[in-house]
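For the sequence shown, position 153 (counting from the first letter as 1) is numbered 153 according to the UniProt record's numbering, and the numbering increases by one without interruption. Take a look at the structure below.
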Amino acid sequence: MPYPYVLLSAAVSLDGYLDDTGPERLLLSGPADFDRVDAVRASVDAILIGAGTIRADNPRLLVNSAERRAARVRRGSSEYPLKVTVTATGDLDPGANFWHTGGDKLVYTTDQGAERAARRLGGAADIVPLGPGLDWRALLSHLHDVRGVRRLMVEGGGTVHTQLLQQGLADELQLVLAPLFVGDPAAPRLFGPGGYQGGRLRLTETRRIEDVVLMRYEPTAPGTGPVPTAADRHWLRTACELAALCPPSPTAFSVGAVVVAADGGELARGHSREGEDPVVHAEEAALAKIDPADPRLAAATVYSSLEPCARRASRPAPCAELILRAGVRRVVTAWQEPDTFVASADGAGVLVAGGAEVVVLPEYEERAKAPNRHLVG
């Protein structure tokens, strides 16, 4: 199920607070960082905040630069990104700035909250009920499929950020650290308690902006079951990129594979026909680079742009069998092997029969097929 790319954006004090408890909003960054945020807003299709942030901060969520707004229009987008809020109760202030500035507005809520929101807002926003409770996956799917949102910026508050991270739905975290302390336990914090992904996030950028520091992170730890996470999507994209490195062949598919430990560390990667071996498969090439006794294999995930093979003539064991022998019990792939070379191939079936979990993300099928157009049309 395709979702937008979800970018979490926040500024915090050195002790992890989003604000203090004073009557005015605490400004944690300065003009240069506000301009950076404006540029990020201009680059996305939608901006989302929780209803609590509307009540606490009364934000406008605009793209302030006229040049950036004009550039959006030139590339065929609306002048302002879609503004989205989430509320369980529908308790929304119709006088808030959110409803009276910028472009289109959208409210996601519960069935019960939808009735209240409609009474309070009238026609100020489109209202989408998600059922008896708030379902983030249904929300993101609706944004992608119905509203055409491909990049979503989330600007808070802490509860929203916490839920998206805990459910493995955040692709990126942009965190600005401000050189001050709040020290008030009643003040709002960026992240709440609960279960988060294992392992360490990958730091992709640090940048000094006046007296604050921007840090960009991406989650890398694989999911642990049939429900894919943002990290699963990241690694499958990597596998698809590796497929493009394969020497072309009229008699074999171009495939990329990555083996990732439970903590998000990359164990190995490979692609078809890698090195001097003209018949090596991607999963085979990756697994050959890992010590078979590595204890991390048992909790690792294999990402392959194409379903691992179930039968092959060039080797004693197909890739599905090699994965099971290695002790790996989770595989994420984009594309089921067609009958081009092997009729009724069912690598996924072999893996499942051997006790492995197989997760298919069909939204990446076209990427996986791209290096194989000469074979599948």
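Cβ atoms here follow ideal geometry from the backbone N, Cα and C, with glycine treated the same way. Treat the numbers as computed from the prediction; the structure is a model and nothing was measured.
Simplified DSSP assignment, three categories, for residue i
i	result
HIS271	strand
VAL149	coil
LEU203	strand
TYR17	strand
GLN197	coil
VAL358	strand
ASP33	helix
PRO295	helix
GLU172	strand
LYS289	coil
ASP126	strand
SER304	strand
TYR80	coil
GLU366	helix
SER9	strand
8 Å Cβ cutoff met for residue i and residue j
i	j	result
ALA239	GLY168	no
LEU245	HIS271	yes
PRO4	VAL149	yes
GLY50	THR85	yes
ASP19	ARG55	no
ALA345	CYS319	no
LEU242	MET215	no
SER304	VAL331	yes
PRO59	PHE34	no
THR53	GLY156	yes
GLY349	GLU337	no
LEU297	GLY327	yes
VAL376	LYS369	yes
THR110	GLY95	no
Chain-order list of residues whose beta-carbon lies under 8 Å from that of residue i (same chain, five-residue window excluded)
i	result
ALA186	THR21
VAL40	LEU7, SER9, MET153, GLN174
Close beta carbons around residue i, own chain, < 7 Å, minus the five adjacent residues each side
i	result
LEU322	GLU283, GLU284, LEU287
GLN163	TRP136
GLN166	GLY194, GLY195, TYR196
ALA170	VAL6, LEU8, LEU164, PRO219, ALA230
ARG189	GLY16, TYR17, LEU18, GLY158
Proximal residues to residue i (C-beta, below 6 Å), its chain only, five neighbours per side dropped
i	result
VAL107	THR85, ALA117, ALA125, ILE127
LYS289	ALA268
LEU351	ALA320, VAL331, VAL358
residue 399	Outside the displayed span of the chain (1 to 377) sits residue 399, for which this structure offers no information.
GLY30	GLU210
GLU363	PRO2
TRP235	VAL258, VAL260, TYR303
ARG207	LEU214
Local Cβ density within 10 Å of residue i, reported as buried at 16 or more and exposed below that
i	result
PRO81	buried
ALA42	buried
ARG233	buried
Rounded Cβ spacing between residue i and residue j (contact assumed at less than 8 Å)
i	j	result
ARG200	ASP263	7 Å
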